[in-house]
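Here's the structure, in structure tokens; my notes come after.
In the working numbering, the protein residues as written are 161 to 388.
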């Protein structure tokens, strides 16, 4: 009988669903976390056995150019709706055009010494060259604001639906290698199981690397000859 990606819907599963998110636990409206420049922050530290089923993120990283009511460096202690202030022109800011490459997502399974995922945030979700544009696929989606689509550092909502199982522990971190703080909204959906995963379970891995500058081999022009 041919299999389907939806076959699991017809079989019972012993699992407890849960979520971690950036909601403001003080009851205010600051539903994002700030990761300062050149630092990291743990978004989720989960005890298994379990499986991450969905990651949603949206974020902003802006440079203040002139006077305004809000200092992004104070975002941990205030709860402004910065999008409204920017729309009204109260803040004179611009997005960092390269922060999608300067901020990394790092995921470690079962207390391994090396992370299984270490990728720039934008590249992990399929944003090439820090220019978000809307697209949909089976495992990843990006939804960019129309006015910020294909703009370096534009705002976008990011989704990952790739299943990520773990037996003992899952640790998800945001690593900010930028000179500016990043404000991150997120939630991470996961399942917890009563028994350990089968031994043949495959874990999710992702790596990113590049050569900068990238060496090239240019064809050598033929030498000219002369005779007398």
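Note that the Cβ used here is the ideal one computed from N, Cα and C, for glycine as well.
Quick caveat: nothing in here was measured; it's all calculated off a predicted structure.
Check                                                                                                    : Outcome
Contact under 7 Å by Cβ, residue 310 with residue 291                                                    : yes
Residue of 171, 336, 373 minimising C-alpha distance to residue 260                                      : 336
Three-way DSSP call (helix, strand, coil) for residue 389 in this model                                  : Only positions 161 to 388 of the chain appear in this structure, which leaves residue 389 out of reach.
Simplified DSSP assignment, three categories, for residue 261                                            : helix
Rounded C-alpha distance that separates residue 212 from residue 224                                     : 36 Å
One or two residues paired with residue 172 in a DSSP bridge                                             : Looking at the DSSP assignment, residue 172 forms no beta bridge with any residue, so it has no partner.
Sub-7 Å separation of residue 299 and residue 276 beta-carbons                                           : no
Close Cβ partners of residue 254 (< 7 Å) along its chain, the five nearest in sequence each way excluded : 222, 223, 225
Simplified DSSP state of residue 365, which is helix, strand or coil                                     : coil
Residue 210 - containing alpha helix (DSSP H), residue span                                              : Not the alpha helix (DSSP H): residue 210 falls in the beta strand (DSSP E), residues 210 to 220.
Residue closest to residue 205, alpha-carbon to alpha-carbon, out of 315, 327, 288                       : 327
Three-way DSSP call (helix, strand, coil) for residue 320 in this model                                  : strand
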